[in-house]
Structures are given as structure tokens and as C-alpha cells.
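Worksheet: the structure to be examined is printed underneath.
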Amino acid sequence: MMNRCGLLTPEKEPVPLKSIEVELEVRDHVATVVSTLLYENKEDKPIEAVFVFPLPGDAAVCHFSAVIGQTQIVAEVKEKQQAREEYDDALSSGQQAFLLEESDQSPDIFSLSVGSLPPGESASIRLEYVTELAVQADDGLRFCLPAVLNPRYQPQGASVQVTSVPASLVPYSLSFSARVSCPRPISTVESSSSLDPLQYLNAEKTQATVNLAAGHKFDRDVELLIYYTDAHQPTAVVEAGQASAKPGTVMGDLMVMLSLYPEFPQAVMSSVASCEEFVFLIDRSGSMGCPTSSSKREETRISSARDTLLLLLKSLPMGCYFNIYSFGSTYEYIFPKSVEYSEKTMEEALKKVEEMTANLGGTAILKPLEHIYSQPCIPNQPRQLFVFTDGGVGNTKEVIDLVKKNSGSHRCFSFGIGEGASTALINDLAKEGGGHAQFITGGDRMQPKVMQSLRFALQPAVQDVSVTWDLPKGVSVTVLSPPITALFQGQRSLVYAQITGQVGAAPSTYTVCHHVEYYNKDIVSTTVLICQSSEAAEGCVTYTKINLSLHLDPLLQLVSLQKASGCWLLDAALAAALGKTSEEVEKPKPASEVWATVLALIWLHGFKTDAKEEWELLAMKAVSWIHAQNAQCMTECVQAGNTVLGCKVPKDALGL
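Under the working numbering, the first residue of the sequence shown is numbered 888, with each subsequent residue one higher.
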């Protein structure tokens, strides 16, 4: 059955659409979309029309109004049953009325009952919503206006949903304009449709406008990709309250949006020992026993999942925690709670994985997710959730809401196996969980795609994120966003806050000044100043300081760099682990290939004697490697190493 969108009669027939006007305003990472649609009733009798349209799942409708003839109606937010009763009363008395409702089954479908539309009369519908723009892999922000949102034209007699028609057959036109503003300069705006040249509105290139080229017909989606200069710099956008709104309310107070999109220095990236919690959730419903594809009849989806788990478990870093859940109509787990990764726990998990079959019935994913989220997060071990499934669920909204509710404490990577996997479920799990979505179809191998996501998950995270507000007397702040417990490389986080109190005369514009500092390559400190003028020292209405600390265990850093043979390589990562620069460890380098390994041994004996039980065996392994090299300048190496590290470790204490 075809699902039509747009203004429809009770018989689901479309009311003719005459024109569409769309105004887009992008402020940093958030878009406000205003669509005005003009319809005309060409029937010879009144019709009770319904306007049906999809929105992004995380969009918020902030304004709706309709004009019929000389009558304008502006929507109010009311409890659903009360609103429906008032709408029915208005209709029964012959009045014009409009009712906008969110679908109970899906949060991204809205339906609007516009009531009685007289014959020959036009209806102008104005819809405004706000949504956060998704960040692409190349740092661009993506905005998409689906043609189905402001509906596609359906030629007479069409029996299937038409996704694109020749522009000459579209009986309405589209006017689309976009205004972009950001504290950072705007680099470029790209589109799959033809655009007029980008017009900058100031010398700093922080404001610009762009329009669709003349003659565009709304026969396909309109996509914009927006690129900012210095995309990873933190920014803040300040919005003054409405003068007509009551102070102390969301609409009446100053609002701040802080954008964090970190990119850590390579020295930090390469020296971080990944200490994280990995939770794998595997679908074991009956359909997982099906072949992965028609060309690979001998390989089932569950066998591919088992092979992938083997690779994942072998690739996890020392020091992390992990657990494996599986689900169908019921769910199981290997450990009561996540355990530390070791040879013992890895082998125990692998034995359980080998026994997994597609024997758990249906696809009830909500209960295992609730159990996972009920487990307290392990301190300094950011949670990474990997979900593997080949189907869809009937309670998608409930599942996605649960992931979104817990998005501040974990990342979710989702994998759809086979052609039957629910695109909406897989994409929304990753979107709300701040991870990546991957689909394994046809002849695709699961392992390369999963390992790609694992490499992303292993990138360093900022822990213990704190936001402190130094405010003028009589001014307070209310943070509206869920607390951020971790920041990951390449993952955007937005913080919304409401500032209440008298902050002086409301300026028409705000200037945002900020700087980022890195201390000892393991502390990141970001300062954002929100000012009323370009003078950073004057007129500040608030001072936001974000202390981002990378809690790195130096011992684990060093251990993670040791090769299987027992040696260490002289590189920037080793220098960082030793608390030195590359120049400091390379300049006094004796002419010996064992220099890096000697430095590591001296550091262990000089600074980590209290943890000797943890590193004694690997130190013995390193000494054995040194002896095998038949190095001739050991005394010189040890003396130089003590000088570089500020230690006094004797040569014989090292076992040399």
C-alpha cells in the first residue's frame, strides 16, 4: 500500500499543491527550517483535509500556522486528548480548525488535520522545526530536505510510490534559500542540486547566504553540505531571549549552545593506551541461521558473527573490560558483569562464542539493552556497545529512545546483517549512540567493516568532563543537556544552557573568543569566552571553562608500546610515554639498537617499583631480547638513559 504525504482528503487523495517556499537558517551545528506550502481545493464541495509529513527523528516542531482565506490559525501545544476534543467541537460547529499530532508508533511522522477547506479556497501551511545537523566523516554538516517532506507529485494512475519524476511534470515550484552563520569562517557549501554562488555577508566570512539556482523543480531531495574552517575548534552560540517572553523562562532568558568536536594532537593519539569497556550484543534469532547471501549458501549469518567475535576478542587491548550478550525472544550473557580482558577471560568467552547458534527465537532487543544500561559504567573505561542484528523490531521508537537516553555514557556501533535488516533501526542506533552504522549485504564480509568500527572505537576519549560557569553576581545557569561523561575523537557533543538573571542590556550580537591549550600532552584545557563585544576583556556576560582531562596510565602507555619480541621502538609515542619530547630522547642516543628498550627498563625501575609485579615478566622479556642483540655499549646506554630520565638506576639492577 502506498503511503502518501502532503495535504490529503479522507480518501487519501492529494489536494493540489501550488508552491513551496523553504527558508533554512543554520547556526553552527543547528538548523531552523521554515516551510510554507500553498494548496488549493479545486473540488466543488468542502473537504476535510489531513496533512501528513515526515521529519528528522530528533527534530522539534516549534511553530505551525495555517491561513485559509482571511483566517489565520496559530497552533498551541496541548495534551493530546484535550486537543482532539477541541478540534472535534470546532468542526461540529462549522469552524475551521487544525490539529497536529505526532505518530504514536513513529516519532518522525506527524499528521495534521486541517479541517474544512471550502471549494475554490487556498490553504497556506507554515511549518517551522529545528534539528541538529549530522557531522560527516569529512567534517561537513549535512542538511537534507526530502522531496517527500513537501510532497512529490504523483502522476495520475500511478500505482506505486514515485520517487522522482521529470521536472516538466511537477506542477509546483520550489523556492529555497539558506543563511549560514558560525563563529568560525564558512569554507564552502556544496549541494547535489545546482546552487547560486555563495554570498558572504561580512569580511570574516562567518555569515553567508546561498540559494538554489533558478528553475529548480522539487523532483528530488535537496542536500546541502556545509564546511567550516577549523571545524574542530570549540564554539559557543548565544541567543537572546524574546522581549515579549517572561524572564526566567526558556523563551525569555539568554540561551547558550556550546559545541565540542575534538581532534587530539597526534602525539596524544599515538601514546594513549585504550582502556575501555566493550559490550557486544549478538542477534541469535532464528533468521540468523539463514545464509549470509545467495552466493554463500554454506556460510550462515550466525557463523559469520562467530568469526567476527573471534577477531574482535583477539584484537581488544590489554587493560580493557568486556562482555558478550546474545538475544532472541530471551537474552543471555557470558559474564554477570563486564570483566577485565585477560588470557583467561578471553579464552572463556571464546569457548562460549563457539557454542552460539541461532536458537533463541524472535528479535526482542529492548530487554538486553535495558540490562546493559542498568550496569554501572566502569570508572575511566568509556563504554562501547556493538550491536549485530539481521531484522527489525516492532518497538523501534522505544528502543531508540532508550539508546538516546543513555547516549551520554556510551557509544553505539550498529551492524545490519543481510538484506532484511531494518535500515531505520540500524541507522538510528548509531545516530543516537554517537557511533557508526554498517550494513553487511550481498557478498560483503563482516569482519573488515567491524574492525573499521573497532579502530574508531579505540581512539582516545576525554574523561571526567566538567563545565564550570563563572557568572556575574545575580546570574545563574541551568544546563539543559544531559551531562557529558566522555568526549571521543571525532564525535560532536552539544551542550545547551539557560542563563537567568540580569546580564546588562541585551546586545544585538555576541562575539565568541576561545583558545585551546595542551599541557604535557595529557591534559586538554578549553576556554570559551562569550562576550558582548569584540573586546574579550570587556562586557562578558558569562565565562565558560571546560576542563578536559585525558587520564592516561603511564605504565599502560609504556606496556602497550612493547613489541611481541620484548623490545621497544624509538618513536614519538615512546617519548610521550616517558614524559619526554622526541628530541630529548633522540639527541643523546648512543649508537645502539637497544637504546629505546634500555630507556623503557630504566623508567620502569626508576618510577614504577611499586607496581613491579605488573611489569616484572615483560621486563625479563625485554632483557632477554637485549642479550640476544649482543650489544657492546651497555654501560654507555645505561648512563645516558639515567641522565635523560633523571634516574640513578644501576646497570646490574636492570639485569644487564
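The beta carbon of each residue, even a glycine, is placed where N, CA and C say it ideally should be.
DSSP three-state assignment for residue i, whether helix, strand or coil
i        : result
Pro-1178 : strand
Leu-904  : strand
Arg-1379 : coil
Ala-1192 : helix
Leu-1371 : The displayed chain sequence assigns Ile, not Leu, to residue 1371. Coil, per DSSP.
Gln-1449 : coil
Arg-914  : strand
Gln-1023 : coil
Gly-1102 : coil
Glu-1186 : strand
Pro-1345 : It is Leu, not Pro, that sits at residue 1345 in the sequence shown. Reduced to three states, the DSSP call for Leu-1345 is coil.
Met-1138 : coil
Tyr-1462 : Rather than Tyr, the amino acid found at residue 1462 in this sequence is Ala. Three-state DSSP puts Ala-1462 in a helix.
His-1119 : coil
Trp-1356 : strand
Glu-1219 : strand
Gln-1325 : strand
Ser-1472 : One point to set straight first is that residue 1472 is Val, not Ser, in the sequence displayed. If DSSP states are grouped into helix, strand and coil, Val-1472 belongs with the helices.
Arg-833  : The first residue shown for the chain is 888 and the last is 1543, placing residue 833 beyond what the model contains.
Thr-958  : strand
Val-1544 : The chain is shown only over 888 to 1543; residue 1544 falls outside these bounds and no answer can be derived.
Val-1076 : strand
Leu-1442 : helix
Gly-1303 : strand
Glu-1164 : strand
Ser-979  : helix
Leu-1543 : coil
Glu-930  : coil
Leu-1457 : coil
Ala-1547 : This structure cannot settle anything about residue 1547, because the visible part of the chain is limited to 888 through 1543.
Ala-1010 : strand
Leu-1061 : strand
Ser-1479 : coil
Ser-1202 : helix
Ser-1340 : helix
8 Å CB neighbourhood of residue i in its chain, flanking five on each side removed
i        : result
Arg-1193 : Val-1240, Glu-1241 and Met-1243
Pro-1134 : Gly-1128, Asp-1140 and Thr-1387
Thr-1195 : Phe-1275, Met-1333, Gln-1334 and Val-1337
Leu-1020 : Val-913, His-916, Val-917, Ala-918, Leu-1028, Arg-1029, Phe-1030 and Ile-1113
Glu-930  : Pro-1006
Thr-1187 : Met-1175, Gly-1176, Cys-1177, Pro-1178, Thr-1179 and Ala-1245
Proximal residues to residue i (C-beta, below 7 Å), its chain only, five neighbours per side dropped
i        : result
Ile-1221 : Asn-1210, Ile-1211, Ala-1236 and Lys-1239
Lys-1092 : Pro-1072 and Ile-1073
Asp-1083 : Val-1097, Asn-1098 and Ala-1100
Asn-1529 : Ile-1489, Lys-1535 and Val-1536
Phe-1214 : Leu-1168, Asp-1170, Arg-1171, Leu-1247, Ala-1251, Ile-1252 and Pro-1255
Ile-1189 : Arg-1171, Met-1175, Gly-1176, Met-1243, Thr-1244 and Ala-1245
Pro-933  : Ser-1003, Leu-1004, Pro-1005 and Pro-1006
DSSP beta-bridge partners of residue i
i        : result
Val-1226 : Phe-1209
Asp-1083 : Partner(s): none; Asp-1083 has no beta bridge.
Leu-1145 : Ala-1123 and Val-1382
Asp-1170 : Phe-1214
Ser-1363 : Thr-1387
His-950  : Glu-1015
Gln-1094 : Ser-1068
Val-1109 : Leu-1032
Arg-1298 : Gln-1271
Phe-1494 : The partner list for Phe-1494 (beta bridge, DSSP) is empty, contrary to what the question assumes.
Thr-923  : Glu-908 and Arg-1013
Tyr-1114 : Thr-1075
Proximity test, residue i beta-carbon vs the ligand GTP heavy atom, cut-off 8 Å
i        : result
Gly-1528 : The ligand GTP is not among the ligands present in this structure, which contains no ligands whatsoever.
Other residues of its chain near residue i: CB distance less than 6 Å, five sequence neighbours each side excluded
i        : result
Ser-1368 : Val-1382 and Tyr-1383
His-1297 : Arg-1270 and Leu-1272
Thr-1365 : Gln-1385
Ser-1191 : Thr-1179 and Met-1333
Thr-923  : Glu-908 and Arg-1013
Ala-1344 : Gln-1271
Jot down the residue ranges of each uninterrupted alpha helix (DSSP H) in the region 1237-1275, minimum 4 residues, whole runs only, in chain order. 1253-1261
Could you check whether the region 1009-1021 touches the region 949-958, counting it as contact only if at least three pairs of C-beta atoms, one from each stretch, sit closer than 8 Å? yes
Is the region 1121-1129 touching the region 1139-1148, taking contact as three or more C-beta pairs under 8 Å? Yes, since at least three Cβ pairs between the region 1121-1129 and the region 1139-1148 fall closer than 8 Å, the two stretches touch.
Taking only runs that begin and end inside the region 1510-1541, name each unbroken alpha helix (DSSP H) of 4 or more residues, in chain order. 1521-1532
Counting pairs of Cβ atoms below 8 Å between the region 1512-1530 and the region 1470-1489, do you hit three or more? yes
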